[in-house]
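Each remark here refers to the structure printed beneath this line.
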Amino acid sequence: VQALNLMSVINPRIKHVAIEGGLFKDEVEARKVMAVPTVFLNGELFGQGRMELEQIVAKIDTGAEAKAAEKIKAKDPFDVLVIGGGPAG
Numbered sequence: 109v110q111a112l113n114l115m116s117v118i119n120p121r122i123k124h125v126a127i128e129g130g131l132f133k134d135e136v137e138a139r140k141v142m143a144v145p146t147v148f149l150n151g152e153l154f155g156q157g158r159m160e161l162e163q164i165v166a167k168i169d170t171g172a173e174a175k176a177a178e179k180i181k182a183k184d185p186f187d188v189l190v191i192g193g194g195p196a197g
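Taking the numbering used here, I'd label the letters of the sequence shown as residues 109 to 197.
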């Protein structure tokens with residue numbers, strides 16, 4: 109729930125509605141909610157139980173890794189690549 113709150117605050121195109129199952133039992137029964145939290149995306153079951161922000165984003169953006177790999181592949185080769193920023197770098 110906290111991850112969805114964060115996403116909806118950062119991105120105005122994301123709408124997040126939390127429903128208190130104890131108060132809206134008809135909603136729980138209609139959606140066949142068996143665990144909390146239960147997340148729906150565009151009316152379809154998206155996930156159940158605790159999910160971190162990274163898990164939600166990875167599930168939504170399934171092609172992110174391939175896109176990132178293509179970007180790196182398109183770059184010219186490096187003569188020198190320094191990893192880290194310690195005393196030597």
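Ideal Cβ placement from N, Cα and C applies to all residues, glycine included.
Boundaries around residue 149 are those of the beta strand (DSSP E), 146 to 149, since no alpha helix (DSSP H) includes it. As computed with DSSP, residue 152 is found in a beta bridge with 149.
Judged by beta-carbon spacing, residue 114 lies within the 9 Å limit of residue 161, meaning their Cβ atoms are closer than that value.
Here DSSP, grouped into helix, strand and coil, assigns residue 114 to helix. Per DSSP, the unbroken alpha helix (DSSP H) holding residue 179 starts and ends at 172 to 182.
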